[in-house]
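Keeping their order, the protein sequence lines are chains A and B. Per our numbering, the very first residue in the first sequence carries number 217; after that it's consecutive. Per our numbering, the very first residue in the second sequence carries number 699; after that it's consecutive. Backbone N, C-alpha and C define an ideal beta-carbon position, used for all residues, glycine too. All values reported here derive from a predicted model rather than from experimental measurement.
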Amino acid sequence: MTSMDQAETLTPTAAAKRPAARYPLEALVKWRARLVPGHVLGEIMSKQWIDSAVPATFMVLVIGLFLIVAPGFFTGANISDGGRQLGEFGLVALGMMVVIMGGGIDLSVGSIFALGNFTALALSNLFDWPVAAILPCVIAVCAFAGLINGVLIGYCRLRAFLTTLVSLITIRALVDVLLLEFAVDISAGFYDSAIWDFAGGGNVLGIPTSLIVLIVVAVAIHLFLSRSRLGWHVMAVGGSRRSAHNVGISVRRTVCFTYVLSGALAGLAAFLYAARLGNGGSYPGAGMEIFALTAVIVGGTSLGGGRGSVAKALMGSIMVLMINLGVVQMGLQSGAGQLVLGIILLLAIAIDVRFIRNREKILSRLYMSPTYFRLPEAPDAEQPASPYALNDRLEDVSLIGLGKLDGAEDVIFDKDDNLYCGDRLGNIVRFEAPDYKEGKVFAHIGGHPLGLAFDKQGVLYVCVGGMGLYRVHPDGRAEKATDQTNRSAFSIIDDSRMRLADDLDIAPDGRIFFSEATTRYDMETWPADALESRGSGRIVCYDPEKNTTRTVLRKLVFPNGVCVETGGQSLLFAESWACRISRYWFAGPKEGQVERVIENLPGYPDNINRASDGNYWLALMGMRSPALDLALRMPDFRRRMALEVAPDEWLYPNINTGCVVKLAADGRVLETLWDIHAENHPMITSMREHKGALYLGGILNNRIGKHVLKKADPHWTATASYWGHR
Amino acid sequence: MIAGLAQRLLGMRPAATVPSMDGALRPNRALDEAATLAECAAPDNLVWQDDHLLFTSGKRVLLLDSLHLEGEPEQILHFDGEITALAAAEDGSLAVGLGPSGIVMVGGAHDGRTITALGGRKLIAPTALGFSDPDTLFVCLGSDLHPAADWQRDLLERRATGSVWRVPLDGGAPACLAVQLAWPNGLLLHDGRIAVSEAWRHRLLDFPSRQRGAPRVLLDDLPGYPGRLSPAPDGGAWLSVFAPRTQLVEFVLREDRYRHWMMQTIEPAHWIAPSLRAGLSYKEPMQGGAVKTLGIFKPWAPSRSYGLAVRLDRDFIPTASLHSRADGRRHGVTSCLESKGELIVACKGDDVLVSAELAQEREI
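Below, the structure is given as structure tokens:
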């Protein structure tokens, strides 16, 4: 810590002449930022299930409405009867939902339902089949009706609307003809079966059988849609037929399948209905397609296809059924029910369309949530007496791979002096010793390889932005080490996946500690994280022996460089936007503790690596500007800026000027190397000392620089420092 | 009204935008390709006097031989304060604006006369001068509060305290032609009227030059802050645009608290404000598009400084322009003057005087 005091006294900055003023109400802004988790709202909005928010709200409203206008509505008998009806109706609605998600529409569900009802009654009352045979037979008959729809629509490419309309009429006509023939016999017959009665009127733990069936089917369909290949195909086809075709999905078969499923579910519902009422009349299923369609749309499933869920269909079904029953209960005329339904349908569609259309817009306005962050006064590098004083020492560099590299964030050497770096194309590029003229792709991983480290066996571990922690074997074989860690208990976004693994280092026992800069943003959107300056990064430990990954430190402000200290019990890590270096003890008596090493760097720290003299090299990728430092104390200013100014025009950390700092383990700044004119190295993200020279990497640069160090040990290598073999 | 309410209650303001440089203002590299005439600190205030090119550099008035426009500029005058404006009359006399020290006449019938106040107002920032005849001087006062060097503060405080005056040098009271202008700093006399560039409102105004009259907007919504005007030989004018407008500055101009505290606690050189030359210190604010990528600073990068001279036709409609873009080295154009098919441009931000050949096609 002494260095900081020293730096302070050596460099009386211009601002230090003025008192460290607080603007009016700054304390209030600070506490508001601390107490109100502003980022939560945006994270909730980014969840997939938020799509269901509108129908869920609607359902609560409908229930509330009936609680008020029809207080007797929610009585035991009503609920039990309603539950039974819901079980049947919900099945039909689920079938309709799957069809609509696949981009079609099935108007024939009502008629198929009637056909199923007739089949079930005929087989039971007329032919006296056992229930075990009736059920599959009814489902098969209805699935076959669905298959006809499916073949016509899927394979013959007929219009779904017209085809199912025709099915609606013809199947209904067929049922009428059959009923004319058999209605009297059906009514006269009597079917005696305990299972049949249980299916129609039984309860399990007080829950009607049909509702149980619905729940089981709903879970199955949910798993089918969200977890199975065919389910994904259905969504893909509904989302975009052409794209689905282009990626090799059999669109015709998938479409056909949805109608078969819809038919089968209508059959199952019809079986339950037949068992419940034994109604041989002609009206069962009449108008059902309208109700099912309403339920699906009110639930929030998009008519355009590709979007929807089981939960939505069920919510829609509950609403439609409640309104239907409620209207009857309230003694309104039966037409009124349809009228109310129509109005609700219209409203739901309007709201849903607007919500879906604007969801991304709302999200983009809400997601970024800057917080209050006050950095300590920056040391002034423009003062000649400062340990950070400007110089042009890094202008004396020889260049490696100029114009051939694209984004070598980090550089490293193996024990045979070959140089490795990553690039933006996802390659690990290798330059052969001793002249480093030719760069060859050593391995292709993907993502953007960032931090690099060799383990004891000479395996190269790589932090890959957008992917996770990977390793490359000496023969060039690349494989994943880890890409997920334990999920935090109270995190809304899923932080188990790695989004931006940044830099790593390896402890003597082989454990790998690596930083993930942020869990809220991706590789390309890091400036948003800089504007937020929220602690949303972490340090993760991967144990290759046990193959486990655990998060060891959370809520870090863009943790970046990681370097295991020569003692082997602790590591230094940099937090970029917080402009500080800390030490984390991962072993020994202080295990688990974190202590600050430097608190007020004049710039944004990036990678840290060992130097030959026992000290550490630190890259400052950019420098602090007073205008941004002030903006960090005004979260609303930054939020409004993000909304009102184009991202290319945002106030950024100044990453056009960087430097390399040598610091002692106690935080003293020993020397600083600048490329103040930024000819070759505007942004330095990493530096690696190797045999008397310093090699510089930059994530946005197209070259690696080699700067010969005058006073360094010409034989020192990092591999020897870590693993001792030479 | 609804939009206004939404703005108030929800903080939903429209995006901070600036007009794009398009049409006659389409970017080029003409200023960067122009030949260097002279390198000296902060060249400004180009005027012709007897076939000599005069310009100022800090406290000095320098002269360049007009015939070949080469060689070292020769110092002809020296003052104690920074020169903020300069005008030459037909009879060879000069009016020199010296900031808070007022306006000094050099040569001619009124040699040695000093104007330190106009209409009871002490002169703070004489920003532009012009003669209609050797006895009549027109004066732009940029601000009643801030001297010319403090123009960024005047902008950030959103002031409009500038005025334009007609000063009869042979007796008679000075006439105020316009007040409450937002940093008028360029004037051009034409057909009994006077055109004035009003920088902070990004527009050119025009009003009668003899007495006070209703102003007329000649050109507005410029993508930069207009500065001095000079006549073009075939009618029309050249407009120096001394700094660009940027979305970030437009945004900061809405943010009262931030602006206030920035001015209170940060050195002016490091403000979020337009500048004649940006990028001199790492402490200056940097914007996203300005990040150097693969070793290249993009010409389209948002920049607080820019080089731009605009050719206006007789109706003050832009017809052509010369640019030095974000990556250029000819920023902060405060003055330009056309002569024999060449445009002499003072790039105050980059301490250089250049001469650009006016190609025919650029005239459109």
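Residues are counted here when their Cβ sits less than 7 Å from a Cβ of chain B; for the segment 858 to 875 of chain A these are Glu-860, Val-861, Ala-862, Pro-863, Asp-864, Glu-865, Trp-866, Leu-867, Tyr-868, Asn-870, Ile-871, Asn-872 and Thr-873, given in chain order. At a Cβ-Cβ threshold of 8 Å, Leu-339 of chain A and Val-433 of chain A do not count as neighbours. For the segment 934 to 958 of chain B, the beta-carbon criterion of a distance under 9 Å to any beta-carbon of chain A is satisfied by Thr-944, Gln-945, Leu-946, Glu-948, Phe-949, Val-950, Arg-952, Glu-953, Arg-955, Tyr-956 and His-958. Sequence-distant Cβ neighbours of Asp-919 of chain B in its own chain, meaning closer than 8 Å and more than five residues away, are Pro-717, His-900 and Arg-901. The beta carbon of His-968 of chain B sits closer than 8 Å to those of Ser-979, Lys-981, Glu-982 and Pro-983, all from its chain and outside the five residues before and after it, given in chain order. As a beta-bridge residue in DSSP terms, Ser-895 of chain B pairs with B:Leu-902.
Under the Cβ criterion of 8 Å, His-968 of chain B is counted among the residues facing chain A.
When DSSP reads this structure, Asp-721 of chain A sits in a beta bridge with A:Phe-729. Residues Val-514 of the same chain have their beta carbon placed closer than 6 Å to that of Ala-564 of chain A, with the five preceding and five following residues left out of the count.
Look at the segment 904 to 923 of chain B: it has no residue with a C-beta under 7 Å from a C-beta of chain A.
Neighbours of Ser-841 of chain A across chain B, judged by C-beta separation under 8 Å: His-968, Tyr-980, Lys-981, Glu-982, Pro-983 and Met-984. In the DSSP assignment, Tyr-800 of chain A falls within the beta strand (DSSP E) that extends over 796 to 801. Per the DSSP secondary-structure output, Ala-624 of chain A pairs in a beta bridge with A:Gly-914. Against chain B, the CB of Tyr-239 of chain A has a partner CB under 8 Å away; the residue lies at that interface.
In the structure shown, the three-state DSSP call for Lys-757 of chain B is coil. Here the alpha carbon of Leu-836 of chain A sits roughly 6 Å from the alpha carbon of Asp-822 of chain A. Neighbours of Asn-495 of chain A across chain B, judged by C-beta separation under 8 Å, do not exist; the nearest C-beta is about 55 Å away. Gly-692 of chain A and Ala-1018 of chain B have their C-alpha atoms some 58 Å from each other. Cα atoms of Leu-493 of chain A and Gly-416 of chain A: separation of roughly 7 Å, rounded to the nearest angstrom. Bridge partners of Gln-700 of chain A according to DSSP: A:Arg-713. Setting aside the 5 residues that flank it on each side, Leu-844 of chain A is surrounded in the same chain by Leu-867 and Pro-869, each with a C-beta closer than 7 Å to its C-beta; the list follows chain order.
Around the CB of Asp-651 of chain A, fewer than 16 other CB atoms lie within 10 Å, so the residue is classed as exposed. The beta carbon of Ala-847 of chain B does not come within 8 Å of any beta carbon belonging to chain A, so the residue lies off that interface. Minimum Cα-Cα distance from Leu-481 of chain A among the listed residues A:Asn-333, A:Arg-523, A:Asp-401 and A:Val-613 corresponds to A:Asn-333. Taking all protein chains shown into account, Ser-707 of chain A has fewer than 16 neighbouring C-beta atoms within 10 Å of its C-beta and is therefore exposed. According to DSSP, residue pairing for Asn-825 of chain A in a beta bridge involves A:Trp-833. For Gly-1047 of chain B, the nearest beta carbon of chain A is not closer than 8 Å to its own beta carbon. If you check the CB distance, Glu-695 of chain A and Thr-587 of chain A do not come in under 8 Å. According to the DSSP assignment, His-923 of chain A belongs to the beta strand (DSSP E) that extends over 920 to 924.
Three or more Cβ pairs closer than 8 Å define a contact, and the segment 529 to 547 of chain A meets that threshold against the segment 285 to 298 of chain A. Between the segment 659 to 671 of chain A and the segment 719 to 732 of chain A there are three or more inter-stretch CB-CB distances shorter than 8 Å, so the stretches are counted as touching. Under the Cβ criterion (8 Å, minimum of three pairs), the segment 886 to 896 of chain A does not count as touching the segment 621 to 631 of chain A. Along the segment 907 to 932 of chain A, going in chain order, the ones with a CB nearer than 8 Å to a CB of chain B are Leu-916, Asn-917, Asn-918 and Arg-919.
In chain order, Ala-876, Leu-903, Asp-904 and Phe-905 place their CB closer than 7 Å to the CB of Pro-913 of chain B, counting only its own chain and leaving out the 5 sequence neighbours on each side. With 16 or more neighbouring CB atoms inside 10 Å of its own CB, Cys-1034 of chain B falls in the buried class. Shown here, Pro-1016 of chain B sits in a strand according to DSSP, grouped into three states.
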